[in-house]
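Notes follow once the structure below has been shown.
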Amino acid sequence: MLLTSLASILALGMGAVSTSLAVSHKTYTNPIIPGWHSDPSCVYVSEQETFFCAASTFIAFPGLPLYASKDLVSWELASNIFNRPSQLPDLADTEGQQGGIYAPTLRYRDGTFYLIVSNLGPSIKGLVFTSTDPYDDDSWSEPLVFPVYGIDPDIFWDDDGQVYVSSADNNMIHHYSLDLSTGEIGDVSYLWNGTGGAYPEGPHLFKKDGYYYLLIAEGGTETNHAVTMARSKNRTGPWEPCPHNPVLTNKGTGEYFQTVGHSDLFQDGKGNWWASALSTRSGPNWVNYPMGLLKEINSYCM
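Structure representation (structure tokens):
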């Protein structure tokens, strides 16, 4: 039984100098998408002047909801990416709340939306869904299936158009090429294992001003959850950790929002960089009784 709710929250960073959105004179209040919306991944599509965010759903059906907003304040459900059994028939054979599809990465390129995610079912596999109409369930494709290393895959296009996946397995971020027409992957490189926190995972790779930036989650999904970053002139490293790590966390604080982590970055229509992240509205004492008081809650089980 889940005893706290996960919410998607926002932060402004990575060199941004104002809180201007694509629509001027707006403010936002966290959480932007309340309820169970863990592992948010967001993009801004300039042609539509719209933000889109996807989130984890594990073994729920329909799954992988896609939300749309013009201003990061008012959101609507645009579609469910996983919306028919044929897309993932073995989900019916997946046991346990921690199985299924979670930690997606949403990206937009040349008129097409890409959603990459791993499925932890009877077997572990990577999935890539595509669509050219984010408001139509039927537009979302049957997934491209590929052999994924572990969990939390990210998809990244380098300057030459080559596609790469970064994913988390055995306390290390793995990195390899992916052929989007065949599902074949290339040789694996090992990028980074973070700054010493438990469970380095949730990688996202970006390129800005000649540097590759690797964003990951560390510390596990409880109160030590944090976001760290490293950069490199080369896609496969060596990596220079940010001197201000962790770049986002609420660990060790008395803040109402706890377990802040598993972040993604995106730019708005004015070029500002934003971070989305998950959190629990649990407070530092981890006491929450949404279904009535049964006993004191000492830990969070995901």
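With mature numbering (1 follows the signal peptide of the UniProt record, and there is no 0) applied, the sequence shown covers -22 to -1, 1 to 280. Glycine included, each C-beta is placed from N, C-alpha and C at the ideal position.
In the DSSP assignment, tyrosine 92 falls within the beta strand (DSSP E) that extends over 90 to 98. With a beta-carbon spacing of about 4 Å, serine 117 and serine 109 fall inside the 8 Å limit used to define contacts.
Under the DSSP assignment, alanine 46 falls in the beta strand (DSSP E) whose first and last residues are 41 to 47. Under the DSSP assignment, cysteine 31 falls in the beta strand (DSSP E) whose first and last residues are 28 to 32. In the three-state reduction of the DSSP assignment, serine 119 falls in the coil class.
Here phenylalanine 134 is not near leucine 66, since their CB atoms are 7 Å or more apart. C-alpha of serine 119 to C-alpha of glycine 161: approximately 14 Å in a straight line.
Only exposed fits proline 216, as fewer than 16 other CB atoms lie within 10 angstroms of its CB. Around the beta-carbon of threonine 199, 16 or more other beta-carbon atoms lie within 10 Å, marking it buried. With a cutoff of 7 Å on beta-carbon distance, serine 260 and glutamine 236 are scored as near each other.
Inclusion of serine 254 and valine 238 in the CB contact set at 7 Å is not warranted, their separation being larger than that value. Counting other Cβ atoms within 10 Å of its Cβ, leucine 55 stays below 16 and is therefore classed as exposed. Per DSSP, the continuous beta strand (DSSP E) segment holding isoleucine 194 begins and ends at 189 to 196.
For the options Leu50, Ala38, Ile37, Pro40, the alpha carbon positioned closest to that of serine -15 is the one of Leu50. The residue from Gly188, Leu156, Asn202 with its alpha-carbon nearest to that of proline 178 is Asn202. Every beta strand (DSSP E) of 3 residues or more that sits fully in the stretch 193 to 237 is shown, in chain order, as 204 to 210.
In this structure, the beta-carbon distance from aspartate 132 to proline 82 does not fall below 7 Å. For aspartate 147, the three-state secondary structure derived from DSSP is strand. Cβ-Cβ distances below 6 Å link glycine 230 to nothing in the same chain once the five nearest sequence neighbours on each side are left out. If the five residues before and after tyrosine 6 are omitted, its C-beta is found closer than 7 Å to the C-beta atoms of Leu(-13), Leu50, Val51, all from its own chain and listed in chain order. Of the residues assessed, serine 159 falls on the exposed side of the cut-off, its CB having fewer than 16 other CB atoms within 10 angstroms. Its chain contains Thr173, Thr206 as the residues whose beta carbon lies nearer than 6 Å to that of asparagine 223, once the 5 sequence neighbours on both sides are disregarded; these appear in chain order. Beta-bridge annotation (DSSP): glutamine 245 is paired with Trp251. Histidine 240 places its beta carbon less than 7 Å from that of alanine 195. Looking only at Val141, Tyr113, Gly197, the smallest Cα-Cα distance to phenylalanine 29 is reached by Tyr113. A residue is called buried when at least 16 other Cβ atoms come within 10 angstroms of its Cβ; proline 18 meets this threshold and is buried. Per DSSP, leucine 50 has no beta bridge partner at all. Around the beta-carbon of aspartate 157, fewer than 16 other beta-carbon atoms lie within 10 Å, marking it exposed. In the three-state reduction of the DSSP assignment, leucine 69 falls in the helix class.
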